[in-house]
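Residues 1382 to 1758 (the working numbering) are what the sequence shown spells out, left to right.
All remarks here apply to the structure that follows.
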Amino acid sequence: MEKNAAQVPESKQDIPLLTPYKMGIFQLSHRVVLAPLTRQRSYGNVPQPHAILYYSQRTTKGGLLIAEATGVSDTAQGYPQTPGIWTKEQVEAWKPIVNAVHAKGGVFFCQIWHVGRVSNRDFQPNGQAPISCTDKPLTPQIRANGVDVAQFTPPRRLTTDEIPRIVNDFRLAARNAIEAGFDGVEIHGAHGYLIDQFMKDQINDRTDHYGGSLENRCRFAHEIVEAVVNEIGADRVGIRLSPFASYMESGDSNPSALGLYMAESLNKYGIAYCHMVEPRMKTVGEKVECPESLVPMRKAFKGTFMVAGGYDRGDGNKAVVEDRADLVAYGRLFLANPDLPRRFELDAPLNKYNRDTFYISDPVVGYSDYPFLETTA
Ligand SMILES: Cc1cc2nc3c(=O)[nH]c(=O)nc-3n(C[C@H](O)[C@H](O)[C@H](O)COP(=O)(O)O)c2cc1C
C-alpha cells in the first residue's frame, strides 16, 4: 500500500516552532513562548497560590514563559487584582510559582510594568493622580470585557527630576524578580503604558530632554533598560514594544521609524531579547491585517527577536522558516491550551478561548480549567 504522507506524523525537527533555540545563556527546547497575560487574579496585588497550577500547566522543559504584567511600585497599578513585585510579601508570594515552573524545567521571565496614566485615583496611594509624561487625560475606554467603562483620572506630569525615581523603581523591581527566582525580566514598553507614553508622539508633549525628538522620547526607555541591565545583567533582560499599536490612545506619527530606532539603539545593551507586537495588533485583542511589517526591526536588532500578535501554528512556523523571528509568543491560544507546544507537535485541534473569563477573579474558571489534549478526547 502506498504511504500516505499526510498520515506520517511530523517529527519535531520538521516543525520549525519546535526546534531548539539558544537565547544567550538560556537553552530553549522550542520557540513557542507564553506571552504575558494579565489575568487579574492576584488579590490585593499579591500573587496567589492558584497561579502555581496555572503557570506550571503551561510549562515545558526548556520552554520560555513570560509572566503577566507585574507592577513595579504602588503608583504602577491601574487594574484590579494585578500582581506587583515591590514588596517583600509579593516577592515571597512569587517564589512558589517560580519554583513550580523551574521544577518542570521552564525558563521564566517576569514582565515589569507601570501603567502611567492608564489608571485612576482608586488605584493610587492616597488617592493621588496617576503619573505620566503628560497631563493630557485619557478618554474613558470600554474595558476589555466589552461592557464596563474604565474612567481615568487626569495624570500628573512628572517633573524632570522625578524621573530617575521611576527608573529606579524598575531597577528595584528587576532585583526583586531575581530575588523571587525569576530567570529574567521583560520590561513592558508596549500598549500605551508608561514607557510607551514617553515614546509616542501623540502622548508625549514634554519640552525637556524627555520630549520632542525621537531620541528624547526614547530616553526614558533607554534609562530603564540601562538601569535594569546594570542591576541584573543584560543576559536576563528583554523588552516588549508595540510601536504600531494605538491602544490607550498611544499612536505615533511614524511607528516604523520609532520601532527601527529602538531596535537599533537597543543593540548597545546586549540584552537577551527584543519582543515586538505585530503591526496588525492595533489593539491588544484584535487582529487587523496591514501592510507594515517588523522585518526591518528584526534585521536591525542583533539579539533574539520575538514576535507576537495573532499567530497560529501555520504562520508561527512560517515566521521562523523565513527568519522573521527567533521566537513566537502566543497569548490567547496559550491561555486556552495549556499544552500548546504538544498540540502544535501533533497538529491537534485547539481549545477555544473564552473572552468572558479572561479577567474574572475566579481562581479556577477560565484559568486552570482549560483541558489538556489527553482529557479532551
Ligand atoms: C487576557 C489578555 C491579557 C493580556 N495581558 C497582557 C500583559 O499583561 N502584558 C502584555 O504585554 N500584553 C498583554 N496582552 C497581550 C498579549 O500578550 C498578546 O500580545 C496578544 O494577546 C496578542 O497575541 P495573541 O494573538 O497570540 O493572543 C494580553 C492579552 C490578553 C488577551
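Idealized CB from N, CA, C, for every residue including glycine.
{"Asked": "Cα-Cα separation between Ala1387 and Gln1471, rounded to whole angstroms", "Found": "With a pLDDT of only 48 at Ala1387, under the threshold of 50, the placement of this residue in the model should not be trusted; the figure read from the coordinates follows. For Ala1387 and Gln1471, the distance between alpha carbons rounds to 50 Å."}
{"Asked": "Residues near Arg1661 by beta carbon distance below 7 Å, same chain, minus five either side", "Found": "Lys1668, Val1669, Glu1670, Cys1671, Gly1690 and Gly1691"}
{"Asked": "Proximity to Arg1723 [Cα-Cα], best of Val1427, Thr1440, Ala1432 and Arg1713", "Found": "Thr1440"}
{"Asked": "Nonlocal neighbours in the same chain, by C-beta distance under 8 Å from Lys1384, ignoring five residues either side", "Found": "The predicted model places Lys1384 with a pLDDT of 40, which falls under 50 and marks its position as unreliable; any figure quoted below should be read in that light. None."}
{"Asked": "Straight-line Cα distance separating Asp1616 from Lys1485", "Found": "22 Å"}
{"Asked": "Arg1724 at chain D interface by Cβ criterion, 9 Å", "Found": "Annotation note: the requested chain D is absent from the structure, which comprises a single protein chain."}
{"Asked": "Cutoff 8 Å; reference Ala1758; Cβ partners in own chain excluding five residues on either side", "Found": "Model confidence at Ala1758 stands at a pLDDT of 49, short of 50, so the residue's coordinates are unreliable and nothing is read from them."}
{"Asked": "Arg1439, DSSP secondary structure in three states", "Found": "coil"}
{"Asked": "CB of Val1479 within 9 Å of CB of Gly1562, strictly", "Found": "yes"}
{"Asked": "Three-state secondary structure assigned by DSSP to Trp1467", "Found": "coil"}
{"Asked": "For Ile1523, three-class secondary structure by DSSP", "Found": "strand"}
{"Asked": "Straight-line Cα distance separating Leu1754 from Ser1423", "Found": "28 Å"}
{"Asked": "Near ligand 1: Thr1419 beta-carbon under 8 Å from a heavy atom", "Found": "yes"}
{"Asked": "Lys1403 burial status per 10 Å Cβ neighbour count (16 or more: buried)", "Found": "exposed"}
{"Asked": "Where Ala1689 sits in the DSSP three-state scheme", "Found": "strand"}
{"Asked": "7 Å Cβ shell around Glu1645 - same chain, five flanking residues per side excluded", "Found": "Ala1681"}
{"Asked": "Meets three-Cβ-pair contact criterion under 8 Å: the stretch 1517 to 1535 and the stretch 1598 to 1614", "Found": "no"}
{"Asked": "Host alpha helix (DSSP H) of His1603 (start-end)", "Found": "Arg1600 to Ile1613"}
{"Asked": "Where the beta strand (DSSP E) through Met1629 begins and ends", "Found": "No beta strand (DSSP E) contains Met1629, which DSSP labels as neither H nor E."}
{"Asked": "Met1657, enclosing beta strand (DSSP E) - first and last residue", "Found": "Tyr1654 to Val1658"}
{"Asked": "Ligand 1 heavy atom lying under 8 Å from the CB of Tyr1740", "Found": "yes"}
{"Asked": "Continuous beta strand (DSSP E) stretch holding Lys1680: start and end", "Found": "Counting along the chain, Lys1680 falls outside any beta strand (DSSP E), though it belongs to the alpha helix (DSSP H) covering Val1676 to Ala1681."}
{"Asked": "Beta-carbon contacts of Val1532 that lie in its chain and below 8 Å, excluding the five residues immediately before and after", "Found": "Position check: residue 1532 holds Gln in this sequence, whereas Val was assumed. If we look at Gln1532 and ignore the five residues flanking it on each side, its Cβ neighbours are Asn1501 and Pro1521."}
{"Asked": "Residue interval of the alpha helix (DSSP H) (run including Lys1699)", "Found": "Arg1694 to Val1702"}
{"Asked": "Met1662 CB to nearest heavy atom of ligand 1 below 8 Å", "Found": "yes"}
{"Asked": "Span separating the alpha-carbon of Leu1409 from that of Gly1497", "Found": "33 Å"}
{"Asked": "CA nearest to the CA of His1411, picked from Tyr1748, Asn1732, Phe1725 and Phe1739", "Found": "Phe1725"}
{"Asked": "CA nearest to the CA of Ala1448, picked from Ile1613, Met1580 and Gly1565", "Found": "Gly1565"}
{"Asked": "contact_flag[the stretch 1430 to 1438, the stretch 1533 to 1542] where n(CB pairs < 8 Å) is 3 or more", "Found": "no"}
{"Asked": "Length of the line joining the Cα atoms of Gln1394 and Thr1400", "Found": "6 Å"}
{"Asked": "As assigned by DSSP and simplified to three states, the class of Ala1706", "Found": "coil"}
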